[in-house]
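Asker:
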Ligand SMILES: [Zn+2]
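Here it is, written out as structure tokens:
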């Protein structure tokens, strides 16, 4: 049985890990990467984690402000997007619906970066497309997506 490396995401043989590597879940190959590169992997995961939370707290916002100043462009961008999300809708409930109505640009950013999948990891593309179509939002949410879907009405609130 191998061991999981949290940097490359691979299950690798035990001999690919040092003692310390085992503890911190970093394989020998990844341990050789520059520190900034390893940090970026951790930070990206951290930022995606904030999108999974039911609420992005003030403490999270402070942390995101620091990350948004990162020299790593991807990290800085992701942090800036989630910061903006926290400003508009810190609570996860109905977040995508609010963004769809008020901040299409931000919704586009979430899609482009893949952050939207952290928001709702099991989200199927169709429900997102349905949301973006907007035809069931503009009537006050009374209408249903036009495509066949087997979601219970309550599922809408899950956004
Ligand atoms: Zn690795």
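Residue numbers (the numbering used here): 18 to 176. All residues carry an ideal CB built from backbone N, CA and C; glycine is no exception.
Considering only residues of the segment 101-125, which uninterrupted beta strand (DSSP E) runs meet the minimum length of 3 residues and lie entirely inside it, listed in chain order?
Answerer: Segments of the beta strand (DSSP E) lying fully in the segment 101-125: there are none.
Asker: Going by other Cβ atoms of all chains shown within 10 Å of its Cβ, with 16 needed for buried, is residue 129 buried or exposed?
Answerer: Here residue 129 refers to the residue found at position 112 of the chain shown. Under this definition residue 129 is an exposed residue.
Asker: Determine the extent of the alpha helix (DSSP H) in which residue 47 is found, giving its start and end residues.
Answerer: Counted from its first residue, the chain shown places residue 47 at position 30. Run containing residue 47: 45-48, per the alpha helix (DSSP H) assignment.
Asker: CB-CB under 7 Å to residue 38, same chain, minus the five flanking residues each way: which ones, in chain order?
Answerer: In the chain shown, the residue the question calls residue 38 occupies position 21. The answer, listed in chain order, is 44, 45 and 48.
Asker: Is DSSP giving residue 153 helix, strand or coil here?
Answerer: Taking the first residue of the chain shown as position 1, residue 153 is located at position 136. Its pLDDT being 41, under 50, residue 153 is placed unreliably by the model, and nothing is read from it.
Asker: Take the Cβ of residue 136 as the centre, count every other Cβ of all protein chains shown within 10 Å, and call the residue buried at 16 or more, exposed below.
Answerer: Residue mapping note: residue 136 aligns to position 119 of the chain shown, counting from 1. Residue 136 is buried by the Cβ-count criterion.
Asker: Mind checking who residue 21 pairs with in its DSSP beta bridge?
Answerer: Sequence index remark: in the chain shown, residue 21 carries index 4 (1-based). DSSP lists 28 as partners of residue 21.
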